[in-house]
Amino acid sequence: WIMRHSRENTIYLEKSDMTYIIPKYQIIIESDLTFNILVYNWLVPKNNKLHETFGSSFKNVTLSVLVNALEKILICEGVSYQTDVILSHTVSQIYTVNSNSDPIKSKTFLRPKECLILDSTEKCAVCIKKEASHSQYLKRKSERLTEPAKLQAPISSTSSARLKLTMQGYRIENTELKIEIETLRRKLEHELQTKSIQCDGIENSDIVSIMSRADPSRVSPFMKLFWEEKQKYLQTSSKSVRYHPMIIRYCLSLAVKSSSAYEDLRYNEKDGTGVLILPSQRRLRDYRNYIKPQRGFNKGIIQELKTKMKHFSDPERYVVLLLDEMKVQENLVWDKHTGELIGYVDLGDPAVNYATLQKVDNIATHVLVFMLRGIINPIKFSFANFATTGATSCQLFPLLWKAVSICESNDIRVLAVTCDGASSNRKLFDMHFKLQADDAASNNVDVIYRTPNPFSKESIRMYLYFFCRSSTSD
Ligand SMILES: [Zn+2]
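Numbering (the numbering used here), first residue to last: 1 to 474.
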């Protein structure tokens, strides 16, 4: 044993075993007589038996007793595995030169942080415990490797061996299921062919009751109407079905978008395709052509407007006339119902056509639409349409006044005309210069913004006001 002073008031007692450079035992004694023991520079923990027996102060024990006990206790050899919680306790050996020696000589013990280092057995109690739990962990891991991963196991952290096993399992299962599906499908087909029966009223009322049990908050009014109507149609023969106007309207809009999709959806009695009982396209055509679309002012449309406004009060009969011209695709179409070619410029009235068109066989590029909008009543009504090549003011003038005269003669009072700021529209307004100049109430105004309405049946003088929408904004 060697004793040396180091730092102030600290004594080191050391004993080397001549194998390692650092001392085998070190006892560090502080000035207050407390001591710590190091074994190959590993601090002996306070829960070690040595400390538990002798405490950690020389007030309770003599040095000789401690040294005797110390030299009798075995040094723990550590654990045999390495993980990230295991510390490497490396001790440099005293170098002895020979022919095939390594550049460095040392011994490494693997110890958990809690190793007691000194104990009555070759492995301390802590190391024995750690070793046992580790070997159990290894055993469990190896067992797990041989069984397939669970369905929800994260793929990134599952070993490839287990994934392989899982995949093999699923493949087998998949093949088995496929075979099973095929057998069931054949069985079902067979059963359908041999034992199927026609649905009758009982099954039908089942459907009705299933539909009526649906959560009403999740059913929109149209959905409800649709199902109620469907139930009705199912109960009556397809010849005598009376379709609800809403359903007709829906079918019309559907069939116009895609007649083949409509045909797929519609239940066809002949070949049994389709899922819904809907009117045939032949029948829809009758509804669509209820009013035959025509260029110019159309008696049928005027009649419909009259019917719509029949119950309107006096103030509700004031309307604004909207003129709008839209570009259309130039094309000629043959109407198979009338044998007419549609697509030429047509202002509806042969007299107007003759008076205002240089050539009668020009193909139309625009459609001019006259629309009525109520001032109080929210009515919107497409009043007339014309095929044009971009109407000029000379063409617009007779059409505008004809529209006003038709309205006024049907007790519909036109208060204003609106249109976009195209030059033909501005010129149309300017054409009323003479009418305005003759009118005493507005003859010294240099902007033409209104004109007396000669068709008005009211006792006071009524004006037709002109509004022009800026052509840049819609
Ligand atoms: Zn140990």
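Just so you know, even glycine gets a beta-carbon here, dropped at the ideal spot from N, CA and C.
Query: Nearest-residue set for ligand 1, Cβ under 5 angstroms from any heavy atom; Result: Cys76, Cys115, Cys124, Cys127
Query: Own chain residues within Cβ distance below 6 angstroms of Trp114, not counting five before or after; Result: Here residue 114 is Glu; the residue named in the question, Trp, does not match the sequence. Result list for Glu114: Val126, in chain order.
Query: Distance, Leu368 Cα to Leu305 Cα; Result: 19 angstroms
Query: Where Glu176 falls: helix, strand or coil (DSSP); Result: helix
Query: For Tyr465, the residue or residues it bridges with in DSSP; Result: Ala416, Arg450
Query: Cβ separation of Leu276 and Lys230, assumed to be a contact under 8 angstroms, to the nearest whole Å; Result: 7 angstroms
Query: Three-state class that DSSP yields for Val367 in the structure shown; Result: strand
Query: Cβ contact (3+ pairs, closer than 8 angstroms) linking the segment 312 to 326 and the segment 410 to 417; Result: yes
Query: Residue range of the unbroken alpha helix (DSSP H) whose run includes Leu67; Result: For the record, residue 67 in the displayed sequence is Val; it is not Leu. Note, Val67: alpha helix (DSSP H), 63 to 72.
Query: Cβ shell of Leu145 (< 7 angstroms), same chain only, five flanking positions each side left out; Result: Ser159, Ala161, Arg162
Query: Coil, strand or helix - Asp119 by DSSP; Result: strand
Query: Where the alpha helix (DSSP H) containing Tyr12 begins and where it ends; Result: Premise fails: Tyr12 lies in the beta strand (DSSP E), 10 to 15, not in any alpha helix (DSSP H).
Query: Whole runs of the beta strand (DSSP E) within the segment 123 to 198, excluding any shorter than 3 residues; Result: none
Query: Contact with chain C by Phe386, beta-carbon distance below 8 angstroms; Result: Annotation note: the requested chain C is absent from the structure, which comprises a single protein chain.
Query: For Trp477, the residue or residues it bridges with in DSSP; Result: Absent from the structure is residue 477, since the part of the chain shown begins at 1 and ends at 474.
Query: Range of the contiguous beta strand (DSSP E) that encloses Glu263; Result: Glu263 -> not in any beta strand (DSSP E); alpha helix (DSSP H) instead, spanning 259 to 265.
Query: Stretch-stretch touch, CB-based, cutoff 8 angstroms, three pairs: the segment 4 to 12 with the segment 25 to 32; Result: yes
Query: Simplified DSSP state of Asp430, which is helix, strand or coil; Result: helix
Query: CA-to-CA distance, Glu182 to Met167, given in whole angstroms; Result: 22 angstroms
Query: Straight-line gap, Pro454 to Pro398 (C-alpha atoms, nearest Å); Result: 14 angstroms
Query: Euclidean distance between Cα positions of Phe150 and Glu191; Result: The sequence given here has Lys at residue 150, not Phe. Approximately 38 angstroms, taken between the alpha carbons.
Query: At least three beta-carbon pairs within less than 8 angstroms, the segment 28 to 42 to the segment 51 to 59; Result: yes
Query: Cβ-Cβ distance between Leu50 and Leu118 below 8 angstroms; Result: yes
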